[in-house]
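Each residue of the sequence shown is one higher than the last, beginning at 191 in the numbering used here.
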Amino acid sequence: MRLVVLISGRGSNLAALLSAAAAGTLPARVVGVLANCADAPGLETASAAGVPTRALDHRLFADREAFDTALAEAIDGFAPDLVVLAGFMRILGDRFVRRYAGRLINIHPSLLPAFPGLHTHRRALAEGVRVHGCTVHFVTPELDHGPIIVQAAVPVLDTDDEAALAARVLAQEHRIYPLAIRWFADGRLRLCDGRVLLASVQSDGGVLIAPQLVAV
Ligand code: GRF
Numbered sequence: 191m192r193l194v195v196l197i198s199g200r201g202s203n204l205a206a207l208l209s210a211a212a213a214g215t216l217p218a219r220v221v222g223v224l225a226n227c228a229d230a231p232g233l234e235t236a237s238a239a240g241v242p243t244r245a246l247d248h249r250l251f252a253d254r255e256a257f258d259t260a261l262a263e264a265i266d267g268f269a270p271d272l273v274v275l276a277g278f279m280r281i282l283g284d285r286f287v288r289r290y291a292g293r294l295i296n297i298h299p300s301l302l303p304a305f306p307g308l309h310t311h312r313r314a315l316a317e318g319v320r321v322h323g324c325t326v327h328f329v330t331p332e333l334d335h336g337p338i339i340v341q342a343a344v345p346v347l348d349t350d351d352e353a354a355l356a357a358r359v360l361a362q363e364h365r366i367y368p369l370a371i372r373w374f375a376d377g378r379l380r381l382c383d384g385r386v387l388l389a390s391v392q393s394d395g396g397v398l399i400a401p402q403l404v405a406v
């Protein structure tokens with residue numbers, strides 16, 4: 191299965207996918223990495239792994255629609271089966287999202303629908319939640335919404351600061367993103383009428399309705 195990964199920064203989730211693919215635990219290949227800024231550190235991670243990269247600077251486009259169109263052309267050049275947002279910090283327009291319906295996924299550092307948007311760990315600490323985590327979901331036009339594929343929950347400790355909580359969540363991101371993509375690659379996961387279908391491994395061939403909650 192061919193993956194295109196979209197990033198804007200560090201690229202640790204990208205690195206987790208590349209490692210899982212290299213280790214043979216993810217039956218997929220990252221065929222291209224795209225970023226909206228040429229200095230995204232994750233581009234170097236991709237290059238070091240021999241993956242072709244392209245940077246499309248959103249500031250050089252007249253409007254969101256023009257950027258989305260160029261981005262879609264770049265993506266389609268890699269002929270992916272699945273488009274993976276991994277810390278991609280641009281809002282994608284409706285047309286773009288519809289074009290990749292059912293094969294566009296995102297990871298978000300909170301237990302959605304709590305804390306969509308930015309600074310999720312800071313906000314989780316400020317609200318005093320005792321449980322926090324991360325979510326992999328299919329992308330819909332509404333930011334950080336969309337049918338949930340899998341979540342991982344972590345405790346919030348009294349001693350936590352933003353960095354400590356972020357690190358605990360990130361470790362889980364690196365676990366559930368390859369997991370969700372493996373389900374997709376295995377043909378077990380799909381979006382059907384706006385709901386996530388995850389075929390179970392039970393011998394009766396039954397079908398489970400996700401979301402899946404992975405406890406730690
Ligand atoms: C992650 O926390 C991800 O959930 C969010 O952006 C961050 C990207 O981190 N969407 P990285 O670039 O994968 O290290």
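A virtual CB, placed ideally from N, CA and C, is assigned to each residue, including glycine. Quantities reported herein were computed from a predicted structural model and do not represent experimental measurements.
Practice item. Name the one or two DSSP bridge partners that residue 297 has. Key: 326
Practice item. Return the chain-ordered list of same chain residues with a C-beta closer than 6 Å to the C-beta of residue 310, the five sequence neighbours on each side being excluded. Key: 299, 300
Point to revise | Inter-residue spacing [alpha-carbon to alpha-carbon] between residue 258 and residue 278 | key: 13 Å
Review point. With 16 other CB atoms within 10 Å as the buried threshold, where does residue 165 fall?
Key: The shown model of the chain, from 191 to 406, leaves out residue 165, and the question about it has no answer.
Review point. Could you give the C-beta distance for residue 344 and residue 370, rounded to a whole number, given that I count them as a contact under 8 Å?
Key: That pair is no contact at about 17 Å.
Exercise for review: Could you tell me if residue 347 is buried or exposed, where buried requires 16 or more neighbouring beta carbons within 10 angstroms of its beta carbon?
Suggested key: exposed
Check your understanding: By Cβ distance below 8 Å, which residues in the same chain neighbour residue 221 in space, the five residues on each side in sequence not counted?
Key -> 192, 193, 194, 241, 242, 268, 269, 270
Review point. Taking the alpha helix (DSSP H) that residue 355 falls in, what are its first and last residues?
Key: 352–375 is the extent of the alpha helix (DSSP H) around residue 355.
Review point. Are there three or more Cβ pairs, one per stretch, closer than 8 Å when the region 327–337 is compared with the region 289–297?
Key: yes
Review point. Between the beta-carbon of residue 197 and the beta-carbon of residue 276, is there less than 8 Å?
Key: yes
Point to revise | Beta-carbon proximity of residue 327 to residue 359, cut-off 8 Å | key: no
**Study point:** Assigned exposure category for residue 234 - 16 Cβ within 10 Å defines buried
**Key:** exposed
Point to revise | Any non-hydrogen atom of ligand 1 within 7 Å of residue 299 CB | key: Correct: residue 299 has its Cβ closer than 7 Å to ligand 1.
Check your understanding: Of all the beta strand (DSSP E) runs that stay within the bounds of the region 222–252, which reach a length of 3 or more residues?
Key -> 243–245
**Study point:** Option in 200, 232, 355 with minimal Cα separation from residue 315
**Key:** For residue 315, the nearest C-alpha among the options comes from 355.
Exercise for review: Would you identify the three-state DSSP class for residue 380, choosing helix, strand or coil?
Suggested key: strand
**Study point:** Assigned secondary structure, residue 305 (DSSP; H/G/I helix, E/B strand, else coil)
**Key:** coil
Point to revise | Any non-hydrogen atom of ligand 1 within 7 Å of residue 276 CB | key: yes
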